[in-house]
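Novice: To start, I am sharing the structure in question, which I have written as structure tokens.
Number of protein chains: 6
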Amino acid sequence: MNKSVFVGELTWKEYEASIAGGERVLFLPVGALEQHGHHMCMDVDVLLPTAVSQRVAQRIDALVLPALHYGYKSQQKSGGGNHFPGTTSLDGATLTHSVLDIIRELARHGVRRLVLMNGHYENSMFIVEGIDLALRELRYAGINDFRVVVLSYWDFIKDPDVIAQLYPDGFLGWDIEHGGVFETSLMLALYPERVDMERVVDHPPASFPPYDVFPIIPERTPAPGTLSSAVGASREKGELILRVCVAGIASAVEEVFNPPS
Amino acid sequence: MNKSVFVGELTWKEYEASIAGGERVLFLPVGALEQHGHHMCMDVDVLLPTAVSQRVAQRIDALVLPALHYGYKSQQKSGGGNHFPGTTSLDGATLTHSVLDIIRELARHGVRRLVLMNGHYENSMFIVEGIDLALRELRYAGINDFRVVVLSYWDFIKDPDVIAQLYPDGFLGWDIEHGGVFETSLMLALYPERVDMERVVDHPPASFPPYDVFPIIPERTPAPGTLSSAVGASREKGELILRVCVAGIASAVEEVFNPPS
Amino acid sequence: MNKSVFVGELTWKEYEASIAGGERVLFLPVGALEQHGHHMCMDVDVLLPTAVSQRVAQRIDALVLPALHYGYKSQQKSGGGNHFPGTTSLDGATLTHSVLDIIRELARHGVRRLVLMNGHYENSMFIVEGIDLALRELRYAGINDFRVVVLSYWDFIKDPDVIAQLYPDGFLGWDIEHGGVFETSLMLALYPERVDMERVVDHPPASFPPYDVFPIIPERTPAPGTLSSAVGASREKGELILRVCVAGIASAVEEVFNPPS
Amino acid sequence: MNKSVFVGELTWKEYEASIAGGERVLFLPVGALEQHGHHMCMDVDVLLPTAVSQRVAQRIDALVLPALHYGYKSQQKSGGGNHFPGTTSLDGATLTHSVLDIIRELARHGVRRLVLMNGHYENSMFIVEGIDLALRELRYAGINDFRVVVLSYWDFIKDPDVIAQLYPDGFLGWDIEHGGVFETSLMLALYPERVDMERVVDHPPASFPPYDVFPIIPERTPAPGTLSSAVGASREKGELILRVCVAGIASAVEEVFNPPS
Amino acid sequence: MNKSVFVGELTWKEYEASIAGGERVLFLPVGALEQHGHHMCMDVDVLLPTAVSQRVAQRIDALVLPALHYGYKSQQKSGGGNHFPGTTSLDGATLTHSVLDIIRELARHGVRRLVLMNGHYENSMFIVEGIDLALRELRYAGINDFRVVVLSYWDFIKDPDVIAQLYPDGFLGWDIEHGGVFETSLMLALYPERVDMERVVDHPPASFPPYDVFPIIPERTPAPGTLSSAVGASREKGELILRVCVAGIASAVEEVFNPPS
Amino acid sequence: MNKSVFVGELTWKEYEASIAGGERVLFLPVGALEQHGHHMCMDVDVLLPTAVSQRVAQRIDALVLPALHYGYKSQQKSGGGNHFPGTTSLDGATLTHSVLDIIRELARHGVRRLVLMNGHYENSMFIVEGIDLALRELRYAGINDFRVVVLSYWDFIKDPDVIAQLYPDGFLGWDIEHGGVFETSLMLALYPERVDMERVVDHPPASFPPYDVFPIIPERTPAPGTLSSAVGASREKGELILRVCVAGIASAVEEVFNPPS
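Chains as they are written, first to last, in the numbering used here: chain A, 6 to 266; chain B, 6 to 266; chain C, 6 to 266; chain D, 6 to 266; chain E, 6 to 266; chain F, 6 to 266.
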């Protein structure tokens, strides 16, 4: 029997056996192709939720679907903006319908438990809409027991001690973590070959007014595209983040789908 | 000459004269029909951004369009969830296309400056998508100078002193302000007849896990539908909020559209 | 207990109690932001169906939803055309989906009786499509008892005596009533402060060939935007119209939803 | 050279030559597959506008495109309702997009003059929307000189003398002409083999309240599906109608596209 | 009783009687308005599947719906490309939704057996999508017994002897049959007045690289628009094709819907 | 300088430098998550076009975008059908819009040369539609020089000698190659760890009637899901295929984008 947690690496018979009964949990990582500063590759938002999904899946005996590699348009205050070369984004409806179509198909297979693991902040509401449209349609098909958890893995870093270890000089908020200490540390722990710490541009944290302007005013984004400096990133921090996220998500997923009776 | 700031109260000739040259700023309030607890009416998210828009418009000689009265689906962690009777929401695409269509028409009129004043947290990304689709289409029409500011009025309460006045026992975050001190105080200042403080249910702040589940688990929302208690609300706080928001937004809008040369 | 007929002014608990059992009738006014000549404001098509809905609702103990403030594109022969500044219209699909989404939500609440009160001629078919799509979808959800009445309030002026009182010199058809005696009289009765009879432009009734041309030939519309002169409008006529419409609609709605057994 | 006025009967080289310069007028008949009573076939709404288009085209040297054979949903007050077997209708968006796509293609060919000849009342607004979307898109392509006439051929019967000849006992309005004297006479003049006057059901004219109800109340439509009796129909009346419509439309089209200078 | 196989030629009562019980098979021809070389008219792809449908319907006592006269965009390797004047194509979604809407309506009538007879290669996948969306929706409506056969009539020419008779010098594949011996022979057998063999341009078969380029490189299509020469076409070949297709399709349809028990 | 051909592995600055001037060719692999028999994993249609893209890109100094991992619905005659567990497909419009959105973004970056490398037969027409919609929209933006090549890599195996080596007992057509010798050999050459030749089910080639039936008749697909037996597959054949495809595609792409002057 194939032991991969990745659905794409299974034969359909292995998959069929694995999901039989509908209790298997599946993870769908949702990412983006997006600039992440001068020092990191552009598929960070796919690699990270996929890696977290994989580790949680291994721990709780779940499966991981192929990621959605393209996401919603980068916003200035959370991703620097959608004006950078390389950043390649979908319209909201395209992302929403991708989620809808995949859920409809999983339901046909017999799957009833899905975790949408988001790796790109801007995706959230379009994922939520895809879930809502899908569950509505499943109800028309008489399927009422399909359940979906949606999460952004960084939201599991809540422990003040952990935050203090990651940001000894003070935490400035997830908003400006794009390409900063958090993502860079995780990449150093998981894919160090795709990070070049020598190219990190050390700049003050981005600071934005309490509104957005369209068309974007590009100068408001720090020139390298990161919203805070990754200088403080380290492999050790990445391993800590990974440990906390994997443990937290594994236990959340168990709590939802296998609550103690 | 009609002195109303509300576009709907003008004749088309008055409007035409007012926007001539394209420098007039227009506000479009975007709200929702949504439960706001036992003590408040359901159109809070329309009334408040409209009132803020009106006051800013009076100050900077701008105009206010009729509000969008229906918004995106209420989410559990920010609005209690979309399962309440009364909460009446649009699919994301419907809201997005409403914004797109209105911008396209304003551009035809000759308007070039628009402020989308959001009053319902869940609307944000679908408004952003509407703006993006609209500006893309305007570019195809050869219109490159249409600018849009989008904001949620509560984001202008940033001053720690103000927050301390509003939340003497500590601020718990905008997330759980749904139907709480903030909105209730504003309503008391603006529409006291639509608030019944005697019906406020005093409950501990809602506390949610770092993920969402669909279908929603209704019990996770406090029974009255509010996410934090409105017991501490007062007309005075509402007036303070209004003052700070109006001043902040007026100056932000001026900064964007009439920067000092 | 809150006695307002406006859903937006109720708390969700009041609304929930009011619609319990599914026999409560709800009104949804559907209007437009559209030029109405030199002498009237642009939200006539929202104000009038809302006022009629309110009065009927008071009489038959029904409720009124927040109006849809934007409607379908003004057509030359019924509204002067969509080329005027100020007229701000939606694509047909946006209006249709707004109606669909609202009906879907009302059905979730438990509502089963809806009256779509149209105030803008051009909306009709897109409302009809929204109803058809909604009822189709509700059938998929197993809901077969949701009923919708759709009407344009002016269609209730059928009595030749009434028409003779309104148009002593002869009635020329609803088509060219845009901004004319009918709407202006109603506004004088309901919102006199938004009408300036001194600015009425007296012009012969618009006369159109039996076809339409696109792009529109603007000169075919009388310059003020009205299709017939409002000179003959009066508060008294408006009160008569209101009385006849309210009585007729109240009795029609009762006939549909509470037929004598 | 092929002398057919039907585009489908031409080779592309003949068509190319015919439309060169962009001054050729094209007709697009838009119909429906819809019940027309016990005595007539179901493609009346395609046959009639096609026949009228053909005759006008012959007179003014224009071309006729293949008709759209499916139309928008039959409404009770104008077509009996969409609940009859045989009536086979499109969603509004499908009809709108069909019109849009065809106009976009004609513009690519170099055509600049189009007449949409409607044969099914309920199509009108969805055709109008298709035209509006198409001309908007053509503007983005830099095409500003594409002009469209849209008409329903029956609107050209305006002469009171003609109406008196058709309806010696009084005219009751186009609304209830569905399957009545007007359409039946035209069919007798053009396609007598598709009419069986012996099966005409003589019934009083349909009478509807000033509102619509959904789901439809089928009993409100006369059982045969016609809205007025076709008993008074005759070939001679059909020929008169045809003569008046063809002459009127030919002159209207000339007026729009070749106005006397 | 009307003996026509064409649904459009029936009254609704005849149609209702004919489809009662749901065992009647209906054919929906799906064509295109597309250039077919210098020697043939542009509605070949409508005429041929309609004629085949008619003959099969006569043989097996089925009915034929009005054809879809517009199809998906002509592709260079199968239809010469969509750049020719006259070729008038729909977006894929428009074709898909036309198929979806018609199936939904047929199901409402009580029809349960449909054959989609394709006459234009490029339509295939958009028809398939329309069927899939329709059957999915019918399942939501609780209809699980609607069955659809989809076919392109030329796929029934499989017998090597027949192919040898048609192409004595060797068969080069259906791909390049656009406007060639196959379609031209069928037209000569069915509609000889719409073919002018003297205008046939004799050219070597089109030869394309194993990829497509967009925008199209028009020179890769033989100038007349045909992909192979029609010089070898004959009425006799057309009659042979028709005989084989009609027999094959009739027996296939019987096999699917009336299998021997 | 990062030497990866994968866009996702580059920083945005590297990407920006690489595409400067617009002459860089980008590859977008388009795959599917689809059953491939008992002996192979389900992401074959992603792995293979990605691997081919990578090798061609290395040879001609091009770049490879992240693949689209989900494709259009598997059809019985080319992929066994969409009823298998594991096969997870998109609606056509979702795939089309994914392609459209990505092209729009690439154009914004300055890219002008794209190769869509299809790995799943059923995707073809929805990719084509995405390209057509994208190039149409780019023209509205004034971009007329964006060129797209679309290909399915197996179409480059045309040399009879190669085919004879791959299929010494005779080639039965690409249609039934799903999971057969061709794909399995390629997988053995590229990802042998995802193939288990011991699980290959040896069965006669699938044989289908010249039509399709919906809902699918599952028994018509060989039980393992493959359409022909993979018993004859080998690493050597895979290497041959890869060599031929890579060489052929590289030279085709050069021919289109860098023709000898």
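Glycine is no exception: its CB is placed at the ideal position from the N, C-alpha and C atoms.
I'd like to check one pair, D150 of chain E with R113 of chain E: are the Cβ atoms closer than 7 Å?
Specialist: For this step, residue 113 of chain E is matched to residue 108 along the fifth sequence. For this step, residue 150 of chain E is matched to residue 145 along the fifth sequence. Not closer than 7 Å, so no.
Novice: Where do the ends of the beta strand (DSSP E) carrying V30 of chain B lie?
Specialist: In the second sequence, counting from the first residue as 1, residue 30 of chain B sits at position 25. Residues 30-35.
Novice: Helix, strand or coil for D137 of chain F per DSSP?
Specialist: Position 132 of the sixth sequence, counted from the first residue, corresponds to residue 137 of chain F. Looking at D137 of chain F - three-state DSSP - the assignment turns out to be helix.
Novice: Counting pairs of Cβ atoms below 8 Å between the region 82-92 of chain E and the region 15-28 of chain E, do you hit three or more?
Specialist: no
Novice: With 7 Å as the threshold, decide whether the Cβ of H20 of chain D is near any Cβ in chain B.
Specialist: In the fourth sequence, the residue the question calls residue 20 of chain D occupies position 15. Sequence inspection shows Tyr at residue 20 of chain D; the His mentioned does not correspond to that position. It does not; no Cβ of chain B falls within 7 Å.
Novice: Using three-state DSSP, classify D48 of chain D as helix, strand or coil.
Specialist: As a position in the fourth sequence, residue 48 of chain D is number 43, starting the count at 1. In the displayed model, D48 of chain D falls within coil according to three-state DSSP, outside both helix and strand.
Novice: Between the region 39-50 of chain E and the region 184-202 of chain E, can you find at least three pairs of beta-carbon atoms closer than 8 Å?
Specialist: yes
Novice: Give the interface partners of A67 of chain E over in chain C, defined as CB-CB distance under 8 Å, in chain order.
Specialist: Within the fifth sequence, residue 67 of chain E is the residue found at index 62, counting from 1. What A67 of chain E touches in chain C: nothing, since even the nearest Cβ is about 28 Å away.
Novice: Does any residue of chain D have a CB that is nearer than 7 Å to the CB of E134 of chain C?
Specialist: On the third sequence, position 129 is the one that residue 134 of chain C refers to. Cβ-Cβ to chain D under 7 Å: yes for E134 of chain C.
Novice: Which residues, in chain order, does the region 78-102 of chain C contribute to contact with chain D at a C-beta distance below 9 Å?
Specialist: K78, Q80, N87, D96, G97, A98, T101
Novice: Residues of the region 199-210 of chain E in Cβ contact with chain A at a cutoff of 8 Å, in chain order, please.
Specialist: none
Novice: Find the residues of chain B that neighbour A146 of chain F, judging by a C-beta separation of less than 9 Å, and give them in chain order.
Specialist: As a first step, residue 146 of chain F must be located in the sixth sequence, where it is residue number 141. Ordered by position in chain B, the residues that pass the 9 Å Cβ test against A146 of chain F are R141, R144, Y145.
Novice: Whole angstroms is fine: what's the gap from V155 of chain F's alpha carbon to E224 of chain E's?
Specialist: Residue mapping note: residue 155 of chain F aligns to position 150 of the sixth sequence, counting from 1. Residue mapping note: residue 224 of chain E aligns to position 219 of the fifth sequence, counting from 1. Approximately 18 Å between the Cα atoms of the pair.
Novice: For F131 of chain F, go through chain E and note every residue whose CB falls closer than 9 Å to its CB, in chain order.
Specialist: In the sixth sequence, counting from the first residue as 1, residue 131 of chain F sits at position 126. Under the 9 Å cutoff, chain E gives G97, M130, F131, E134.
Novice: Under a three-way DSSP split, which group does D166 of chain D fall into?
Specialist: Here residue 166 of chain D refers to the residue found at position 161 of the fourth sequence. If DSSP states are grouped into helix, strand and coil, D166 of chain D belongs with the helices.
Novice: Taking Cβ positions, are V104 of chain D and I132 of chain D nearer each other than 7 Å?
Specialist: In the fourth sequence, the residue the question calls residue 104 of chain D occupies position 99. In the fourth sequence, the residue the question calls residue 132 of chain D occupies position 127. Contact flag set, yes.
Novice: Using only alpha-carbon positions, find the residue among F:P209, F:E110, F:A56 that is nearest to D174 of chain F.
Specialist: Position 169 of the sixth sequence holds residue 174 of chain F. Of the listed residues, the one whose Cα sits closest to D174 of chain F is F:P209.
Novice: State yes or no: is the C-beta of L53 of chain D within less than 7 Å of the C-beta of G124 of chain D?
Specialist: Along the fourth sequence, one-based indexing puts residue 53 of chain D at 48. Along the fourth sequence, one-based indexing puts residue 124 of chain D at 119. Result yes, Cβ atoms of L53 of chain D and G124 of chain D sit closer than 7 Å.
Novice: Just curious, the alpha helix (DSSP H) that F262 of chain C is in, first and last residue?
Specialist: By 1-based counting over the third sequence, the position of residue 262 of chain C is 257. It spans 240-262 - the alpha helix (DSSP H) in which F262 of chain C sits, taken as one unbroken run.
Novice: Is it true that the CB of E127 of chain E sits closer than 7 Å to the CB of Q80 of chain E?
Specialist: Counting from one through the fifth sequence, the residue named residue 80 of chain E turns up at place 75. Counting from one through the fifth sequence, the residue named residue 127 of chain E turns up at place 122. Cβ distance < 7 Å, so Q80 of chain E and E127 of chain E count as in contact.
Novice: Is the CB-CB distance between C250 of chain E and Y145 of chain E below 7 Å?
Specialist: As a position in the fifth sequence, residue 250 of chain E is number 245, starting the count at 1. As a position in the fifth sequence, residue 145 of chain E is number 140, starting the count at 1. Going by C-beta atoms, C250 of chain E is not nearer than 7 Å to Y145 of chain E.
Novice: Which of helix, strand or coil does DSSP assign to N123 of chain B?
Specialist: Counting from 1 along the second sequence, the entry for residue 123 of chain B is found at position 118. In the three-state scheme derived from DSSP, where H, G and I count as helix and E and B as strand, N123 of chain B is classed as strand.
Novice: Once DSSP output is grouped into helix, strand and coil, what is the label at S212 of chain D?
Specialist: Counted from its first residue, the fourth sequence places residue 212 of chain D at position 207. S212 of chain D falls in the coil class under three-state DSSP.
Novice: Beta-carbon within less than 7 Å of G185 of chain C's beta-carbon, same chain only, minus the 5 sequence neighbours each way: which residues are those?
Specialist: Locating residue 185 of chain C in the third sequence gives position 180, where the first residue counts as 1. If the five residues before and after G185 of chain C are omitted, its C-beta is found closer than 7 Å to the C-beta atoms of T231, L232, S233, S234, A235, all from its own chain and listed in chain order.
Novice: Within 7 Å of any Cβ in chain B, is that where the Cβ of L156 of chain A sits?
Specialist: The sequence position of residue 156 of chain A within the first sequence is 151, counting from 1. For L156 of chain A, the answer is yes, since a Cβ of chain B falls inside 7 Å of its Cβ.
Novice: Residues in the region 214-225 of chain B with C-beta within 8 Å of chain A's C-beta atoms, listed in sequence order?
Specialist: P214, P215, Y216, D217, V218, F219, P220
Novice: Need the endpoints of the beta strand (DSSP E) that R113 of chain A sits in, please.
Specialist: Within the first sequence, the letter at position 108 stands for residue 113 of chain A. Element bounds for R113 of chain A: not the beta strand (DSSP E) but the alpha helix (DSSP H), 97-114.
Novice: Would you call S58 of chain D buried or exposed, if buried means 16 or more other Cβ atoms sit within 10 Å of its Cβ?
Specialist: Position 53 of the fourth sequence, counted from the first residue, corresponds to residue 58 of chain D. Under this definition S58 of chain D is a buried residue.
Novice: Reducing DSSP to helix, strand and coil, say where L70 of chain D ends up.
Specialist: Here residue 70 of chain D refers to the residue found at position 65 of the fourth sequence. Note: L70 of chain D maps to coil in three-state DSSP.
Novice: Excluding the 5 residues flanking E134 of chain D on each side, which residues of the same chain have their C-beta closer than 6 Å to its C-beta?
Specialist: On the fourth sequence, position 129 is the one that residue 134 of chain D refers to. T101, listed in sequence order.
Novice: Whole angstroms are fine: how far does the CA of L38 of chain B sit from the CA of V30 of chain C?
Specialist: Here residue 30 of chain C refers to the residue found at position 25 of the third sequence. Here residue 38 of chain B refers to the residue found at position 33 of the second sequence. Looking at the two C-alpha atoms, the distance is approximately 18 Å.
Novice: Run through chain C and tell me which residues come within less than 8 Å of P71 of chain B, C-beta to C-beta.
Specialist: For the purposes of this step, residue 71 of chain B is taken as the residue at position 66 of the second sequence. Within chain C, the residues near P71 of chain B are L38, D48, V51, H74, Y75.
Novice: Can you tell me whether DSSP reads D217 of chain E as helix, strand or coil?
Specialist: In the fifth sequence, counting from the first residue as 1, residue 217 of chain E sits at position 212. The answer is strand: DSSP assigns D217 of chain E an E or B state.
Novice: For D66 of chain D and V261 of chain D, what's the separation of their Cα atoms in angstroms?
Specialist: What you label residue 66 of chain D is simply residue 61 of the fourth sequence in a count that begins at 1. What you label residue 261 of chain D is simply residue 256 of the fourth sequence in a count that begins at 1. Those two C-alpha atoms are separated by around 15 Å.
Novice: Closer than 7 Å, CB to CB, is F161 of chain C near chain D or not?
Specialist: Position 156 of the third sequence holds residue 161 of chain C. Judged by the 7 Å Cβ criterion, F161 of chain C is in contact with chain D.
Novice: My guess is that G42 of chain E and V206 of chain E are in contact by the Cβ rule of under 8 Å, so how many angstroms apart are they, rounded?
Specialist: The residue you call residue 42 of chain E lines up with position 37 of the fifth sequence. The residue you call residue 206 of chain E lines up with position 201 of the fifth sequence. Their Cβ separation, rounded to whole angstroms, is 7 Å, which keeps G42 of chain E and V206 of chain E in contact under 8 Å.
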